[in-house]
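Engineer: What follows is a structure written as C-alpha cells; I'll ask about it next.
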Amino acid sequence: MAILVTGGAGYIGSHTCVELLNAGFNIVVVDNLSNSHPEALKRVTELTNKSFPSYFIDLMDRDSLDHVFKEHHIDAVIHFAGLKAVGESVQFPLKYYHDNLMSTTTLCEVMEENNVRQLIFSSSATVYGVPQHVPIDENAPIGAINPYGRTKQVIEQILHDLVQSNPNWSVAILRYFNPVGAHKSGRIGEDPSGVPNNLVPYIAQVAVGKLTEVSVYGKDYDTLDGTGVRDYIHVVDLALGHLKALLKIRATQGVCTYNLGTGQGFSVLEMIQAFQEASGRTIPYRISNRRQGDIATCYAETTKANTELNWIAERGIEEMCRDTWRWQSMNPNGYRELATLAQKG
Ligand code: NAD
Ligand code: WQD
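For the sequence shown, this note's numbering begins at 49 and goes up steadily by one.
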C-alpha cells in the first residue's frame, strides 16, 4: 500500500514526503519537474534514509499515469502538482486553466478507473478573495480574484461534484494560508525560479545578498503598521496537516474542507524584523506602491482543523525565519547550483 504524491519534488510536496516516510508510509512520487529539481527527492531520501519510486511524467499523460497505478498498489493520493504563480496566471490564463484543470481531472479519472478514491487536494486561502471579515472560516463566501485562484475554486467544485456522483470517494480539500520555512536540516526548502514573487523568499534572498532591498507593497493599509497582514505557516506544520487529513479520509467518506494556517497574522514589517533577528543580517527595505490585487489582512480561523483533524500549527515566526535562513544560507542558489556543477562536470 502506498500514497501517491503528485508534485512531490516541489516545495510543500518534498516536505510532506519526508513526514510521510518518517511516519512509516510507503510513497510513490509523480512530478514533471516543471517547477522543481530531482535533487529535492534525493535529499528526501538522504533525510529519511528511505528510497521510493519517482516518475518524472506529466499528470496529463494519462497512459503513463495509469501505468503508475498499475505498477503500485496506491491507496490514496496527495495532489500538490499544479501551477501556482498568481501574476503568471493573469498573463497566461489559458495555460493555468488548461494545466491545473486537465491534470486534476485526468488524475481523478485514472484514480476512478483504478478504484482509488481517497484524495487530498492542495487548495489555497486565495479562494476567499477579498474576505468580509477575519479570521476567515471555511464557510466564508469564496470568490477568487485571479485566474490561479479561480482554478482552485473550480477544482474544489469539481471534487464536490465527483463525491456527489459517487459517495465512495473521500476527499479532503486543504486551503493553505502562506507557507514559509524549510526543513530544520537546511537540506530542502523553497527554491523559486527567477525573482521570488512571495515575501519570505524575497526577504531571504536580500539577506543572503542576491537581491538589494525588499519593496514593501504599500504602507497605507488599515493594519497595525499600514503594511499587509498574512497568516504565515511553517511548511513542516503544513506537511503534518496532510498526515492528519490522510487519517481523516481513510476513516470517512464525502468531502471536507479545512483551513491550514496558524490563526495569527503578521505584517510585512514584522516579518522583515523577525528575519533580521533570525539571520543577524540587516534587511534594507523601501516602501513602494500597493501591489495590484493584494488585500490588507488575511488570517485563518483554524478551529475546524484543530478539532476535526486533531492538528495544530506549532511553529512560530522565529522558527519559520530561522529555518528559511538556514536553507537559504546553506543553498544560496537553491538546487540549481548542483545542476550547473553536474553539467560542467
Ligand atoms: P511547487 O511548484 O513547488 O510544487 C508543485 C510541483 O508540481 C512542482 O514540483 C512541479 O514540477 C509539479 N507539477 C506542476 N504541474 C505538473 C503536472 N502537470 N504534472 C506533474 N507535475 C506537475 O509548489 P508548492 O508551493 O509546493 O505548492 C504545492 C501546491 O500547493 C500547489 O497546488 C499550489 O497551488 C498549492 N498552494 C501553494 C501555496 C504556496 O504559497 N506555496 C499556497 C497555497 C496553495
Ligand atoms: C505577502 C505580503 C504583500 C512581496 C500568495 C498568493 C496566494 C498563495 C500564497 C498560492 C503581502 C507583501 C510581498 C514583496 C511585499 N499562494 N509583499 N513585498 O500575496 O498573501 O499570497 O502566496 O496559493 O495565492 O497570492 O503572499 O508572500 O506574495 O505576500 O511587501 O516583495 O507581503 O503585499 O502583503 P500573498 P506574498
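Positions of the beta carbon are idealized from the N, C-alpha and C atoms, including for glycine.
#1: Starting from Ser-377, follow the alpha helix (DSSP H) in both directions and report where the run begins and ends.
#2: I'd like to know if the segment 219-233 and the segment 281-289 are in contact, where contact means that at least 3 CB-CB pairs between them fall below 8 Å.
#3: With three or more C-beta pairs closer than 8 Å as the rule, is the segment 249-258 touching the segment 337-346?
#4: If you drop the 5 nearest sequence neighbours on each side, which residues of the same chain put their C-beta closer than 6 Å to that of Val-77?
#5: Given a cut-off of 8 Å, decide if Thr-64 and Leu-113 are closer than it, judged by their beta-carbon atoms.
#6: Determine the contact status of Ile-236 and Ser-62, defining contact as a CB-CB distance below 8 Å.
#7: For a quick check, are the C-beta atoms of Pro-183 and Tyr-347 less than 8 Å apart?
#8: Count the other C-beta atoms from every protein chain shown that fall within 10 angstroms of the C-beta of Asp-270, then say buried if there are 16 or more, exposed otherwise.
#9: Output the residue ranges of the beta strand (DSSP E) runs that lie fully inside the segment 292-356 and measure 3 residues or longer, sorted by chain position.
#10: Would you call Asn-307 buried or exposed, if buried means 16 or more other Cβ atoms sit within 10 Å of its Cβ?
#11: Please name the residue in Val-219, Thr-152, Thr-345 whose C-alpha comes closest to that of Gln-301.
#12: For Ser-31, name the three-state secondary structure that DSSP assigns.
#13: Roughly how many whole angstroms lie between the Cα atoms of Leu-207 and Leu-167?
#14: Run the CB neighbour count on Ala-88, radius 10 Å, all protein chains shown included, and call it buried at 16 or more, exposed below.
#15: Which residues mark the beginning and the end of the beta strand (DSSP E) in which Asp-123 is found?
#16: Pull up the DSSP beta-bridge partners for Ile-221, would you.
#17: When you measure from the CB of Ser-137 to every non-hydrogen atom of ligand 1, does any distance come out below 7 Å?
#18: Let me confirm a value: Glu-362 is counted as buried when at least 16 other C-beta atoms fall within 10 Å, else exposed. Which label applies?
#19: Would a C-beta distance cut-off of 8 Å place Ser-151 and Ile-221 closer than the cut-off?
#20: Please name the residue, chosen from Gly-289, Val-92, Gln-212, that lies closest to Phe-169 on a Cα-to-Cα basis.
#21: Where Gly-393 and Pro-244 are concerned, what is the direct C-alpha to C-alpha distance, given to the nearest angstrom?
#22: Grab the span of the beta strand (DSSP E) containing Gly-231 for me, first residue to last.
#23: Just to confirm, is the Cβ distance from Tyr-145 to Thr-174 under 8 Å?
Structural biologist: Put simply:
#1: 365-378
#2: yes
#3: They do not touch, by the three-pair rule.
#4: Val-53, Gly-56, Ser-102
#5: no
#6: yes
#7: For the pair Pro-183 and Tyr-347, the CB atoms are nearer than the 8 Å cut-off.
#8: exposed
#9: 302-308, 333-336
#10: Buried, by the Cβ-count rule.
#11: Val-219
#12: The question about residue 31 has no answer here: the residues shown for the chain are numbered 49 through 393.
#13: Straight-line Cα distance between these residues: approximately 9 Å.
#14: buried
#15: 122-127
#16: DSSP links Ile-221 through a beta bridge to Phe-169, Thr-305.
#17: no
#18: Exposed, because fewer than 16 other Cβ atoms sit within 10 Å of the Cβ of Glu-362.
#19: no
#20: Gly-289
#21: Reliability of the predicted coordinates at Gly-393 is poor, the pLDDT of 46 falling under 50, and the value obtained from them is presented with this limitation in mind. Computed Cα separation, rounded: 28 Å.
#22: Per the sequence shown, the amino acid found at residue 231 is His instead of Gly. Careful: His-231 lies outside any beta strand (DSSP E) and carries neither H nor E.
#23: no
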